[in-house]
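Numbering (this note's numbering), first residue to last: 102 to 608.
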């Protein structure tokens, strides 16, 4: 009885770690309070405002787009990240309200519930639970993203759930019942609609559940995973508005000229490898990259060591432990790492956001399967980096707790007579186009979409004349399109002039 109580108390302590540590960091390290939080970054502003729109108007608000390019699926008016995040947080917002700081409460609540589910379904012993607690308490990407309105906390909660699912998959050597397989693929498909890189985990799933992974039939799981990942990316692309990033430019170039696309790819590889040792926001970026490399090397050593002991006639060598553990780490991490290095940007924590959930998932599996030396080194490296984490916490989420919110309210009062949501109107008639995403935009009425315009010399996606009913431009920005604009100035604000676009097809 005492043992059960102690184990339950330890589990409760682990589950509450994200909440307790976030409280300490915000109230004591930053010297701030939760109501002080303000979304400041461009993505945060869009997430907060689009969620507010969904709470009040569902899918009937204006467009959240880039250069007025909308998603192929016409029912969604949301931006390049798709509709899933504002819908999920919007459903919670309808129940509990939506203030500037509300998403932070949702972040902590979702991670806490996911952590509780992970412990319930994996049932670690006291030692494992203590190490899990140490891993959570020192996993800086989790703590750094909890006080921020990004998708990262949600994806790290998904990583906790996936850790439990892959733990059972590996423990049972891939022998899952049909309903469990359906649930596994269903969950993976759902979260891939928020971030398509989750679809890469279909490779370890198909490898570990394949009935025959002997050398002659090893290609089949790879083909299944390629088809599944392609379908997931296509589904995501239908829901998300186009974004003029390197991947889209590479794919467009590939359709026209393979040599030109190859030159682009080589240039991006050189850029990312050149930045591999640099942390532009925090040295923690570099730490995580080396942790990922270390884990892949450790998995190679583990796989080679145990693969040699596998009988040649074994039909399912990758499903047998401990080879299956190494197979998971390699098949999950290597494709992700290759994709990030070749097609993404390893700067400004952009790769950190993608790597972190995978690293958390892997760390938890290492603990559950008692790979103490690998898990211990990962935790120790995070522990040693605590001073770096505290500096990053003050520099990255810190400013969000000291912003003067009065300027937001003042902007709202100034523009309220002019920017008004029209229920039932064309979405473009409920859209405000801006170049610079500023916190003042948080006071724009819910339902008014925010279209971000790129500089003419950085994007060729914009088609003139503009369709958005409202424009907010400073003098320099106005000059970029002056010859193509047919507008009426409504008022002047501290962040630019508000215009009515007379070319918009609105009454």
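Think of the CB as a built atom: it goes at the ideal place given N, C-alpha and C, for glycine as much as any other residue. Because the structure is a prediction, the values reported are computed rather than measured.
| Check | Outcome |
| --- | --- |
| Check residue 243 in the structure and name its three-state DSSP category. | helix |
| Would you check whether the ligand COA has a heavy atom nearer than 7 Å to the C-beta of residue 404? | The ligand content of the structure shown is nil, which means the ligand COA is not present either. |
| Using only the alpha-carbon positions, how far apart do residue 325 and residue 495 sit? | 45 Å |
| Tell me whether residue 202 sits in a helix, a strand or coil according to DSSP, three-state version. | coil |
| So does the region 497-514 actually touch the region 458-476, counting three or more Cβ pairs closer than 8 Å? | no |
| What are the boundary residues of the beta strand (DSSP E) that residue 589 is part of? | 588-594 |
| Once the 5 residues before and after residue 499 are set aside, which same chain residues still bring their CB inside 7 Å of it? | 131 |
| Would you mind stating whether residue 258 and residue 231 have Cβ atoms separated by less than 8 Å? | no |
| State the start and end residues of the unbroken alpha helix (DSSP H) segment that holds residue 452. | 451-469 |
| Specify the secondary structure class of residue 526 as computed by DSSP and reduced to three states. | coil |
| Taking just the CA atoms, how far does residue 553 sit from residue 474? | 48 Å |
| Please report how far the alpha carbon of residue 180 lies from the alpha carbon of residue 155, in whole angstroms. | 13 Å |
| Just the C-alpha distance for residue 223 and residue 260, rounded to the nearest angstrom, thanks. | 14 Å |
| Using 10 angstroms around the beta-carbon of residue 159, count the other beta-carbons present and answer buried if the total reaches 16, otherwise exposed. | exposed |
| From residue 289 to residue 269, what distance separates their C-alpha atoms? | 15 Å |
| For residue 440, which residues in the same chain have their Cβ closer than 8 Å to its Cβ, ignoring the five residues on either side in sequence? | 298, 301 |
| Taking only beta-carbon positions, decide if residue 217 is within less than 8 Å of chain B. | The structure shown contains no chain B; it is built from a single protein chain. |
| Rounding to the nearest angstrom, what Cα-Cα distance links residue 310 and residue 303 in this structure? | 10 Å |
| Can you look up residue 424 in the DSSP assignment and give me helix, strand or coil? | helix |
| Mind listing, in chain order, the continuous beta strand (DSSP E) runs of no fewer than 3 residues lying wholly within the region 227-284? | none |
| Where do the ends of the beta strand (DSSP E) carrying residue 534 lie? | 532-535 |
| According to DSSP, simplified to helix, strand and coil, what is residue 600? | strand |
| Bridge partners for residue 550 per DSSP, in chain order? | 532 |
| Give the straight-line distance between the Cα atoms of residue 573 and residue 530, rounded to the nearest whole angstrom. | 14 Å |
| Rounded to a whole number of angstroms, what is the C-alpha to C-alpha distance between residue 377 and residue 580? | 38 Å |
| For residue 577, count the other beta carbons within 10 Å of its own beta carbon; 16 or more makes it buried, fewer makes it exposed. Which is it? | exposed |
| Assign residue 203 to buried or exposed, taking buried as 16 or more other Cβ atoms, counted over all protein chains shown, within 10 Å of its Cβ. | buried |
| Please list the segments of the alpha helix (DSSP H) lying wholly inside the region 288-318, counting only runs of 4 or more residues, in order along the chain. | 303-310 |
| Using the three-state DSSP reduction, which class does residue 562 fall into: helix, strand or coil? | coil |
| Which of the three DSSP states is assigned to residue 571 in this structure? | strand |
| Nearest-angstrom Cα distance between residue 167 and residue 560? | 10 Å |
| Just to confirm the assignment: which complete beta strand (DSSP E) runs, minimum length 3, are found wholly within the region 336-403? | none |
| Using 8 Å for Cβ pairs, my map puts residue 393 next to residue 460. What's the rounded Cβ distance? | 6 Å |
| For the alpha helix (DSSP H) that residue 545 lies in, which residues bound it at each end? | Counting along the chain, residue 545 falls outside any alpha helix (DSSP H), and DSSP gives it neither H nor E. |
| Identify, in the order they occur along the chain, each residue of the same chain with its Cβ nearer than 6 Å to the Cβ of residue 590, setting aside the five sequence neighbours on each side. | 598, 600 |
| Could you spell out the range, first to last residue, of the alpha helix (DSSP H) harbouring residue 185? | 185-197 |
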